[in-house]
Structures are given as C-alpha cells and as structure tokens.
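Chains as they are written, first to last, in the working numbering: chain A, 18 to 538; chain B, 71 to 340; chain C, 84 to 611; chain D, -19 to 299.
All residues carry an ideal CB built from backbone N, CA and C; glycine is no exception.
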Amino acid sequence: MIKIENLSVAFDGTEVVKNVNLEITDGEILGIVGESGSGKSVTALTLMGLVSETAEVTSGRIVVDDCVLREAGKPVDKKLYRTMQGDNMSMIFQEPMTSLNPTQKVGKQVGEMLKLHTVLTKEEIKAKVLETFEAVGLRNPELVYNCYPHQLSGGMRQRVMIAMAVILHPDLVVADEPTTALDVSIQNQIVALLKDINTKENNSMIFITHDLNLARRICDRVAVMKDGRIVELGATEDIFLRPQESYTKNLMEAVPSRLKRRVSAMKNADNKEPIVQVKDLSVFYEDRGSNPFAKKVRKCIVKNATFDIYKGESLGLVGESGCGKTTLSKAILGMNMITTGEVIQTTVRPQMIFQDPYSSLNPSKTIGWLLQEPLRARGILDPSQKMTKADMEAAAYEMLKRVGLEEKYFTRKPSQLSGGQRQRISIGQALITRPGLIVADEPVSALDVTVQAQIMELMQNLQQEMELSYLFISHDINVVYKMCDRIMVMKEGQILEIGETEEIFAHPQNEYTQTLFRDSL
Amino acid sequence: MKKSSIWKNKYLLIGLFMTGLCLLLGILGLFWTPYEPTKISAAERFVGPSLKHLFGTDNFGRDIFSRVMKGLSATIVIGTSVVLFSATMGILLGALTGYFGGIVDEIVMRITDALNGFPSILLALVLISIFGNGKQNVILALGLVFIPSYVRIVRSEFIRLRDADFIKRARLMGVSKVRILFVHILPNIFSVFWVSVMIGFNNAILAESGMSYLGIGVQPPDASLGKMLSDAQGYLQRAPWFALSSGLTIVWLVLGFALLSEGVQRMNNN
Amino acid sequence: MKKKLFSLLLTALLSMAVLSGCGSDGTGESSESNPSKESVESTQASTGTEVVEKTMYGGKVVVGIQQDIDSLDPHKATAAGTKEILFNIFEGLVKTDKNGDLMNAIASDYSVSEDGLVYTFTLREGVKFHNGNVVTAEDVKYSLDRVSGLLDGTPLISALSVITNVEIIDTKTVQVTVGSANTELIYSFAAAIIPAGSGEDENASPIGTGPFSYVSYTPQVGIVVKKNAEYWQEGLPYLDEVNFKIVNSAETALMELQGETIQIYAYLTDSQAEVLKDKFQILAAPSANVQALFLNNADPLLSDVRVRQAICYAMDKDTANLFVSGGNSVLISSAMLPALTSYYADLNDAYGTGAEVEKAKALLKEAGYPNGIDLEITVPSNYEFHMQTADVLVEQFKAAGINAKINPVEWNTWLTDVYNGRKYQTTLCAITSDGTPGYLMNRFQSDSKKNFVNFASAKYDEVYKKAAAAMDPTEKANYYKELQKIMSDEAGTAFIMVPPITVAVSPKLGGYTFYPIYVQDMSTIYYK
Amino acid sequence: MKYFVKKIITLIMTLFLVSVAAFLAFQVIPGDVVTSILGTEAPPEREEQLREELGLNKPPVVRYMRWASGVIKGDFGRSYRYSKNMNEMMPVKELIGDKLPVTLWLAALSLILIVLVSIPLGVLWARSTNRFVDAALNCITQVSMAVPSFFLGVLVTYLFGIVFHLFAPGGYISYHDNFKGFLGYLLFPALSIAIPKIAMTARFLRNSMLTEMKSDYVRTAYSKGCSKRRVMYGHVLRNAMMPVVTFLGMIIAEIVAGSIVVEQVFGLPGIGRLLISSINTRDFPVTEILILYITFVVIFVYFLVDILYRVIDPRISEK
C-alpha cells in the first residue's frame, strides 16, 4: 500500500509537481498519463527516491506500508531508501540501452540486485538470475547472462530491465514509458509481459506513459496530469469514455484513433494526376566497412518499388524501423543514393519535414532568415526567380502567419521556440517555395498528443489551400489513418501492399499488414 | 534571464577581468610605457620592486614593468597571429574534409594524425631550423604546428552537422555547397570553436616560451614574455623579481584565457 | 644549454686562431703558447697557487664543461672546449706552461737551424704512453706525418702542413724539415704525439702521454680521466680521477655548483659569480677572446672611414663592460691581447672608452649623413654575451644618431653567410687568439682568406710582411704595434673588449692554474 | 588479424613519409655540416676528405636511398658528431640505445605519477560536494597548467634542489651505476612534466565522471539501492575512464615534448636533448633515426591505447 499525500516538488523554487495525491493498492496498475512537462516522471522519481538532489519536496509526504519514506522539510533518509529501492520497489526506464551500464555484463547488473539485498552465494545469485531471465521470456538465458547490453536487441534489453526490476518480487514496480523506444510489435510483447507479471506477482504497478491508447489497454486506473497537478483520476474506462475535465476531454479528442471518423483533405478524388511516378526503383547502399582496401559491399535497401503519388493526396508509408521507409523517401527526393529504376517528378524541388523538430532548424539563425533561405537559394540557382529583399521578407511574414505563428517570432532563434512551433516553422520553410510534394518523415512522432493534433490539422489545411501532395511516413498506424488517403506498407525493403485507407484497414491482404494493424489497436 | 546568468558565471567574469587587464596593458604598451623599455641605466641595475619601478629593474637597469607591457603586446600579437593563422587553415581544411570526406579526407587525416602525435615543440624546432629565427617565423612555425588540432575539431563538427536534418533540408532547397559549408554549418561550430581557440592561444604562448628557452624563439629586438622569462632565469637568485614578474605575467595571461574558455564552455552548456 | 650546443661548433685548428664566442662561454684557447714572458696571474683575484698549503694526493673532482667533445682524436679535435680537456691527456714535443712560455715535454731538447727550416728534437728518456709503451722516434714521426698530411695527403693542422719531411735520425732524435721559415712555428709542435698506427686502428682509444689517461666518454654526459701514475713530471698529478661533466647551461651550472655536484666551473657570468662568491673561490683572468663590432669595410656605407670612426666614437665601452661583464673585461682598441704586453699598443685614447657623441655626429655629418645612419648588427644568437652587448650598443648608438637594429642569426648561418660569405654590414662577435701575436694581425691583410671584414690597407699589408719576416723580437714587436695603429686609425673594426674568464672553484680545492691560453690543467689541482 | 595488418601498413607508410620529410627538411635547413664541424680554419683538403667520408658529395636521392637501404638492413649509420673512440664515430644505434632508457624511464615515471595522482584526485574531486574544495582544486589545477614547462622545471630545481636539498641539481646518476639513484633523480624532472598533466587529467576525469553521473544507468544503479560510493566505483569509474584513456594516450606525445625541455633543464642525457643538439649541429643520421623513433613510439602508444580501449569498452571489440 503506497500513499502519496499532497506531494509538491520544486526545482530552484519552481514547483513542477503540485499537491499530488495518489494511492496505489496491491495488484493494481495505475497509469499516469500526461504530456511532456506534466510532472509525471518527477512524481515517480520522487516516489522512488531517485529525483536529483537539487529537487526539494515542498509539501506532503510519501508513505509506504505505514512507513514514512519522505516528508517535506525533513532530510532524505538515504539509508532507508536504499533498503527499499530494488527490494520493495523497483523501476523500469524508458531507454533500456542507456539505462544499462554499457561496460558491464547484463547478468552481473541484474545479479547486483541480489548482491545488495540478499545474502546469496555467487552460484545462487547466478541461478536466480537465470531463472528470472527465463521468466521474463529471454530465450537462452545463459547466453544473455554473459552479454553486454549492446549485444542485445532493444526488446531483450527491456526484458533484462524487467528481470532486474522483478527479481526481488517488489511490492511496487514503476514503469516509466517502458515501451516508447521500441517497435510496435515488441511494444506489445513487453506490455503483455508486464501485465502478466502483474497478474502473477499481484504487486502494484505504476505505468507512466504519454501514449493514451497504451494506457487504456493496460491500466486499471488512470491519473491524468497537467502542469504538475492531477487533473483527473479514475477508472480507465471512465476517464476515456466519460472524461469530466475539459483538459481531459481535449486530450482524448486529440488522440488519433481509428475509431474516429477520418476526414480526407483531398479535393477531387476522381481526377488523379500523378505528381511523382516511381517505377521499379531499387536503392543500394555501398559500404567497405572499416577496411579501406576491402571491396565495397553493396546492400539493397529498397527493392523494386513501383507506385505513383497523385496531386493533392496524402500517401501514407508505414513499416517498422529499418524497413527502408526513409531510404525510399530520400531516393524520391534524389538525395545521394545509388539507385536503379526510375523516378519521374513533375514538381520542382520537393521538400522534406523531419521527425525531430530540434535538429531540423539551423540553431544559429533567426526564424526570419530561415524562412527566407529557400527563396534566396532559389534566386541563386535561377536568377530569373530572384526576389528583392523586401519581397522575401514579406513572403516570410506571410508564411509565418500561414503556419499560425505571430510576427514577433520573426527575429527569434529556434532555441526560443517550443517543439510544435519549430515544426510549424519547418513546414513553413518547406512550403515557402511552393513545391508540389512534401515528404514528411514522422513529422508528429516527437510531439505531444495535443500538439500532434494541431500540426496534423495545419498540414491538412495547408494541403487544401496549396494543393499539396504528402508522402507521409509514420510508424504510428493511427496517425497514418487520420492523415492519409492511401497507405503503402513496407517490410524489408519491399512494398507489400498499397491501397485506399479505409479499404486497406478493412481488408488487409497481406499477413504482415494484418499483424501490424492488429498490434497497433 | 540571460544577463543574470552571465553575471553568475564567475569563470567568465574573472577570465574577462584577467585577460582584459592584459589586453589593456598590452595595447597601452604599444603607445606608452612608464619608462622607455630599452633605456639602460648603470645606476639602476637590479633594483627591487618599488613604487618607482613596480616590477623592479633588470640586469641593464631597464624598468621591468615597461618591458612586461611591451612583452605583453608582443606575446598577445604572437598568440593571436598563431591562432588566426592555424584556426583559419583549420577551418578550411576541416570544413572540406569533414563535409566531403573521401580520399582527400583520408590523406589530410593521415597527415594530421601523424602531426598530432608528433611533439609540437619538436616540429616547431625543425620548422624554425628551416625558416630561421625571428618573430614572423615563430608565428609561422607555431601556426603550422597547431593546424592539425583545429582540423580535428572542425572536421568532427562538420561530420556531426553534415548529416543534421537542417543541412539535409538546406540541400533539398538547392543551397550551394559553399553556402552550406560557410553560411549554414560554420556559425554552428563557433561555440565549440571559441573554446579551442582560447586554449590554442594559451598553447601558443606556452609553446613560444618553451621555444625561447631552447633558444629558438623570438629574438631581440623583438621581445616576448617567454623570451623575457628565459632571459631572466639566469638571474633567478640574483634578482628573483625579474623572473617572477615575467613568469607570473604569463601565468596570469594564460590563466585568464583558461578561465575565460571555461566560462564560455559553461555558458554553452547552459 | 643552447650556448653549449652551438659552441660545440666553435672551431679552431691547432696552432691557429679561431673565431669564437665570448667570455661567458670561455671558449677558444688553442694549444700554443705565448712568447711573451708575461703571465696573466697579475689579474687574478686570488689563486691558491702561491700560498703553501697542505696538499693531498688522491680524490676525485667533477669539472663542469659547457660543450660536448667534438672528437677524441687530438689532431682532429677543433672545438676549443674539446682541446681544453685533451690538454690533460695528450702532449706534444713541447707544451705551454702557465706563464705562456714553451717548455719541453716529450722532447727533452730541440734546436732550430739558422735558416729556420730544420728542427731537431731529442726525445726525453722514459716517457711512456698510457698503454705502458715508451714513446719512440717512430711514434713522433707517425704523429707529425699525420698532422702535416705526409701520411695520406690530408693535413689535419694547417700550420704544420709546411712540414716537408720528418726523419728519424736515431732512436732518440727526430729531424723535421719545413718549407718556409716562421719564428712562431715552434709553438705548433705542441701537437699531440700518439702511438704509431693508432690513427688507423678502428678500436683505438685515445692514448697520450699526459698527466691523465682516458677512461671513458659518454656523449652528452662527459669524459672521465684517471691519474697517469707514470707521468714524467715528478709529483703530478694529485687527483686520482677527474670527471669532465657536460653542463647544459650557465643556469644549470649555477644550480649544480650550489648543489655541489660539480666542483669547478669556468664559464661563470658576472651575476652568477656574485651569487656564488660567499661559498666558492672565484678566480678570474682575461680570456684570449677579442670582442668587436666587426665592420664590413666593403659595405657601401662603411667603406667611408668617417662612418667607421663615428661608430668607434659612438660606442661607450665602459658602460658595455659594466653591463655585460660587471666591469671585469679589459677594454681594447686593437686585435692584440693586452696580455701580450711586449706587442700590445694601448690605443684606447684614440676613440676614448666612453661615448663621444659629438665627435661621432660631426663625422657622420661630414660624411654626408646629418640625419644619422641605419645600421644592421648581425649577431650569432646563441651567444648570450654578444647578444647582450649588442643590446647595449644599440641603445648607445641612438644618441649619436645611429639607428642600429639587431639581426640575430643561428651559428651555422653565421658561419656560412657572415664569415664565409661576408654578406653582412656589421657583426658583433669575438675572435680568439691562440696566444701568438701574429695570428690576429695576419687576418687583416687585404688578401687573407680570413679577412672577413674586407679590410684593405696597402700600408697594413706592407708592414705585416715586414713583421713576419723579422727575426728580432723587438723589431717584430714594433711592426706589430704599427699594425695596430694603422688598424685603429682606419677604424677597420670597432674593437670592444677582452672578456674575463671567471672560474668558480670549490673551497676544498687548491692549485687552480690559469694559462694564457685557456686550458683546464687538472694536474695541479689538489684537495687541501 | 586484418586489424593488425592494417595498423602495420599504416605504420610503415607513416614512417616512410616522415623519413622523407625529415630528409627533405635537412636539405632545406641552412648551414653546411662540414663547415660547422670543421669551423673556419680547416685545411681545404680536410674539408674535402670529410665531405667524402660523410658521403655528402653524392646527389640527395642517392644519399637517401643509401641511408634507407641501410636502415632496412638494420644499419642506422653513424653520428656525424659523436665519437665512439679515437677514430670511429659513434654508431647511431649505440648512441640512441644509451640515451633511450633515460627518456623512456622519464616518460614512464611521469606517466606513473600522472596516473597515480590524477585518477584518485579526479575521483575525489568528482565525489566532493564541498564548494571550497572544488574551487581550490579548480584554482590549483588551472594555475599549474598555466606555468611554462621550463619555468616549472627551474622552480622545481630551485625549490627541491637548492632550498630543500631533496636532490642534487644536475647530480644525474647514470642507470648503469645506480638504478635506484637514477630513478630517485628522475623523480624530480618527472614531477615537472607531470604537474600540468596531472592537473589536466584530473580535470578531465572529474568532468568525465560528472557527465557519466548524469547518465541513465547511474539512475538505474541508484534504483537498485546502490550507495553513492558503489555507484561511483562500481559503475561510473570504468565508463568515465574510457575518454581518459584516450586522453592519456594523447598526453604521451606531450610527455615526449615535455621531456625535450625538461631534459635540458635537469641536464638529463636523454634522446630529447640529443635530438635538439643533433638538429642544431646538423647531425643528420642521429636526427633522422630519432624522429623516426619518436614517430614510431607515438603511433605505437596510440595503438596500445586502442587496444586498451577495446579491453575497457566491450562495445568496440564487437566491431
């Protein structure tokens, strides 16, 4: 029985967690959902005693089994915490790669739990670790035991983390975004494992996630956090189906879901005019490894892709990481690739929008400069399209308005903007020369749900206004569903299936497509 | 918010103060010194520090403070010229090799690797043997010697940035290669680059003083702090203030730049 | 250390004068003697030699030296720093004593024919090489053939290349015939006598007849010699072992003296002597170096005698002496060492020892330079002493409207450009006398190979020929004095001073002896 | 295996290039070696003879080929300057062989000092939460990095030698005579080399540790209930040491550079001093071999660092 009573946590005098009350009972999975900066992680870390030393508990207390673990105004009892950490409560982190010590064998890292909290012999420790590895679904535990983290796949690493967390059968497991860094299919396995463990061990679990669909699937109760406060707390289905607070309502509204009706942005679905024709395109990658004298090895990344992109449509491209989505898109844009086959473009200089809003804008320039740069570049390439300074400036201001930002941002630098704002600028920069085609590579994946919805809306609006075509790449099936007119499924470099959105969702032909869609439900 | 953080950055402040004082004295030394720095006086040999002669006088009865001021400006000129030369070359080579890679990169990197491993003072020694003594040659030799360190930094930054999303996008916009190199990428490496420039300045000063000690540094009538210090060590026991005043001025200047670079680093990290 | 490195290159062949560094380096003796009867002890601060002290046999001494050995072959060694050490290992038929007089060494007696062309040497009985063998006439013939080039056509010592024949008369007598007469040639017979054939033996270690025998040499560390128990001079040497240890620099030497890792060091600067004076015996004597601002007489500007004279007037030698050698140098106005009193003409009054700015200005104005002149002083930068002197001169010249600039060059460059190439305006350095009066006079003949100042005076050439031919010492001396006067009047070069050699000797030691040529004679050193 | 072959090819290529560069440099350096050996007064016949002895009358290409083929056969030639006995010049091999231990021991001692002092210092510094200690260490290390190396040497000599009498300045004891005494003397020059490097390494290690302390796996370790001590030594140190190992590798080259100056200050007969005098006296055979040797050592050390890195960091050995 864990109680968080009226907890407030502050960094440098700024409260990031405000008067949070939570109670977790045995056997339940409590979800904490919220957008980035909502204080969900800090709450969990404070509970675990892992929050950094600069953080200060300004009010409230944390009680575990009637033992006061932490109380405002009192120094942290580190010793007490150390006996609890791992033994009574443990944590699973988001990034299994960085959360494991890269230079220690994973067996040893898991075994350290036992070394710290039990008096088992070396052999006993090893046996217990192997047993737990087996239990979390690691095949060939003996081999895994002697591996370093980098030798394991992402899913295996997360299983090792889970093994570490549950090896001492703690009363509470805190899982902080445990599946966010993983591929969809692996995500499902891990979620299933966690749920399974919860059932078997009958312990309590706090599941922190930004993914509302996921929370809905796994949690018994859900707490919605915003700006450090709990906005709403209740049984999962209540929250999702009957949200009380307006924030929760908005949040639920923003969640892309196949259960909601799709709105196509395409103006005239009948008049199909191809803007890009891809014929039998194969893309290769040459590598000679670390040996400069070795012969180059040619790897085929994309195999014989043939498809068209029509004017005004959004073509979705889905597939797991490493399937060749990005390579294909780059080949279409003509970015330094070894290709065979043909790409026929009818539009000049198609542009691209990237996933990470932080790296897609040059940090040393102002927004105004960035918006004008495509115009300048065009003017240099083609003197007939040269624009005056004033014209370029005017165009930049206009674009700023179009992507929904105020004029004051013109002189700011990207670092002064939020992620969503940056993505707006990226879109504006891509569109200012009015290309016909935009390749959007996971453009909303790094954004919070509400921002995600706004950006998608913006993209759809602009598509209508400017008759744009999108090649929309995403791993998130729900996002693709919402955005795209047609969907193309890729696996291991090959296009498995292509079809109208509704059609393909209703009747997926390929087996892989079927699992992919099922997993993302 | 930004301003207050600068005031909180003690390294930056102390560094600015120390280097600023040196720069001030150095620049002032170009136009005015309390005494004629070359004026010899038989009556005032080895006079200890006093209000009249702040740092005392040397073996020729010359005012050491005036000479330190002159030496400071020479040292600053040497440090700055070396840094300017090697940093410019470093940027050019680093940018080209880092961005384009390929066989040129391979060759340049082999050379810089070999040079980097080679003790810099030794290389300077060989170069000075070829070029001959004198201030310009010291600058040239040290400038050449320090190029590889900048190539390395610039190159790795360019490699890091050449695949950044914003550069990919610039390429898609049709921005020319030269413009990508120098307008899009270059401004982004300055924060890292400034730190290495300041460290390079210090290395140049220290290397120059080492060279002076080996007899291959600046030669009269030019004077640098390193040369003064190496001259003064013969009088360490007879007139300790002679060595200490030039030695401590070097320490002060180098320390100032070290603190400054640390301050800049901290500012970058925030 | 830099001084050491470079002065390694300081050169002189036996019996010749050398160009060399300064007093602080103390380089540049050569192996011949001074015909004048004057000793240099008069200027010594104090030496223990005259006082009767308790002397002890045995013990080891470490002597700091500034240069590495350039060759262990006494005939091939050219560096002054090497010869000052080899003096202890090798001896010639004759050798120089502390007064600069010739004394018989391996030869017990010699005679010269009246025409000066035949020298007959009688070998001393029982002189033994360090390997135990007695010195024979064959050894002497071999050694002389070797240095004169009779052996393989390559003379090793220029002065002795005049030898045309060496003949063994009997086991104890050797007769040497030379091609041309020269009264000063006898001093060249101090060239080392080595065992016959040892110059061709690949594994030969240096074997001589001197008071000490060679033990070992380690590059950059030094050379160790031990007592020659069978030395022919009774009672010498005192010490069992001497370690000539290479010291990096004057600064290191100072610390080593204070740390008592070396007991004798002979290249002290004035300020170092000041630091050491309480703990060490500080001895000083003039060196054989003649420091001057050498003027290239062929330079357009300096071809005008008035300009050269103006430079002489503008110099303040007194101050320069004070600054660079603490006032311990002897000021000069000619190339003759003042120690050679019978040949020396004191011409210091000619241009004065202080600065005579007005005279200098007037001369420059007369020569057509009312606004002064620009002057470049090339200095071998490894010589701190010369660099400092140049520094002082530049300041002094300002007053006379001479705008001088120092051009420091490396020693190798100096040798090729200044000395051999004669491409310079003025250069500040020193030439080293071998102790014979003629050599420093010889070089200023207009056609001399060594006349790097391009001094050209028909009168000088004429007088020099007379001096060389003169057999009578007084007549010779008068001619030499006349030469000095001509040189001074023409202001062929602006002579400055003869710097001192300042030696620090551990208070436990006695017997340090100065020679008019600089050698480190260890045979007279003893523990008190 | 491939790795080694590649490394060896690179090594040979580099050595070849360096030897050509050094040879060319010697062609360009002003000053005639014969004049500088014989001075100004030698008989012309002697000059000719010496020129022939040294092979200087041959064209440069022939001389280089001759030299290079000698080196390949293991004959490094003879010094122009240093005598072995009365008639023979010192073979370069013997000359360097005698000086090498001095420099190697000096470098080794410096490295040992650096490692022994800087690592504990860096770790303690990283652990310390005391602001005063932090500021003091920061100050001390910054200052010790700002002192010119030779001046540091002079100060060490003056302080430990003249004032405290801990060693006799210039009282170098040959390793042939007394190895312990040799090391004892070397300690002080090693200290002058080590002091600024200790400061650098300690700072570097401290920063590296502080960076590592912020990483995710440290949080994981805490979540297991590890004490700070255990986290530091059990997890952070090894990871933080990886960049430090690279850094130490880079320092080796600087130690060699430092030893050049320090050997002069302390009068050590090592290769640094030999190299400087050889360049100054245009002793080509010695200089060339020394430069090649130093290049070799530096490349070799980088290679060792590479291997060490592979040992510490399991991620690299995978590749």
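Quick one: which chain D residues come within Cβ less than 8 Å of residue i?
| i | result |
| --- | --- |
| residue 103 of chain A | 203, 204 and 205 |
| residue 234 of chain A | By Cβ distance, chain D contributes nothing, its closest Cβ being about 25 Å from residue 234 of chain A, past 8 Å. |
Any idea what DSSP makes of residue i, helix, strand or coil?
| i | result |
| --- | --- |
| residue 78 of chain A | strand |
| residue 293 of chain B | coil |
| residue 189 of chain D | helix |
| residue 202 of chain D | helix |
| residue 339 of chain B | helix |
| residue 200 of chain B | helix |
| residue 327 of chain C | strand |
| residue 207 of chain C | coil |
| residue 246 of chain A | strand |
| residue 404 of chain C | helix |
Look at the alpha carbon of residue i and the alpha carbon of residue j, and state the distance between them as a whole number of angstroms.
| i | j | result |
| --- | --- | --- |
| residue 528 of chain C | residue 216 of chain B | 51 Å |
| residue 90 of chain B | residue 89 of chain A | 47 Å |
| residue 426 of chain C | residue 521 of chain C | 9 Å |
| residue 77 of chain A | residue 124 of chain A | 38 Å |
| residue 356 of chain C | residue 217 of chain D | 54 Å |
| residue 190 of chain C | residue 207 of chain C | 5 Å |
| residue 98 of chain C | residue 230 of chain C | At residue 98 of chain C the pLDDT is 29, less than 50, meaning the model places this residue with poor confidence; the figure from the coordinates comes in the next sentence. Computed Cα separation, rounded: 12 Å. |
| residue 428 of chain A | residue 81 of chain A | 52 Å |
| residue 272 of chain C | residue 166 of chain C | 15 Å |
| residue 245 of chain C | residue 298 of chain C | 34 Å |
| residue 484 of chain C | residue 476 of chain C | 12 Å |
| residue 248 of chain B | residue 446 of chain A | 21 Å |
Given that residue i touches chain C, what residues does it touch there, using C-beta distances under 7 Å?
| i | result |
| --- | --- |
| residue 133 of chain D | Simply none; closest approach about 10 Å. |
Just to confirm the assignment, what range does the alpha helix (DSSP H) spanning residue i have?
| i | result |
| --- | --- |
| residue -11 of chain D | -18 to 8 |
Name the chain B residues whose beta carbon is nearer than 7 Å to that of residue i?
| i | result |
| --- | --- |
| residue 527 of chain A | The premise fails here: residue 527 of chain A is roughly 31 Å from chain B at the closest Cβ pair, so nothing lies under 7 Å. |
| residue 373 of chain A | 235 |
Grab the span of the beta strand (DSSP E) containing residue i for me, first residue to last.
| i | result |
| --- | --- |
| residue 28 of chain A | 19 to 28 |
| residue 491 of chain C | 485 to 492 |
| residue 507 of chain A | 503 to 508 |
| residue 60 of chain D | 58 to 63 |
| residue 371 of chain C | Looking at the DSSP string, residue 371 of chain C is not in any beta strand (DSSP E), and its letter there is neither H nor E. |
| residue 192 of chain C | 190 to 195 |
Going along chain E in order, which residues have a C-beta closer than 9 Å to the C-beta of residue i?
| i | result |
| --- | --- |
| residue 246 of chain B | Note that chain E does not occur in the displayed structure, where the protein chains are A, B, C and D. |
What residues of chain A sit near residue i, judged by a beta carbon separation below 8 Å?
| i | result |
| --- | --- |
| residue 242 of chain B | 350, 352, 366, 367, 368 and 369 |
At 9 Å on the CB atoms, spell out the chain B contacts of residue i, in chain order.
| i | result |
| --- | --- |
| residue 244 of chain D | 283 and 284 |
message: Can you confirm whether the segment -17 to 1 of chain D touches the segment 394 to 405 of chain C when touching is taken to mean that 3 or more C-beta pairs between the two stretches lie within less than 8 Å?
response: Touching, no, given that fewer than three Cβ pairs across the two stretches are closer than 8 Å.
message: Check whether the segment 273 to 281 of chain B and the segment 122 to 132 of chain D are in contact - that is, three or more C-beta pairs closer than 8 Å.
response: yes
message: Under 8 Å: do the segment 204 to 213 of chain D and the segment 117 to 135 of chain A share three or more Cβ pairs, one atom per stretch?
response: yes
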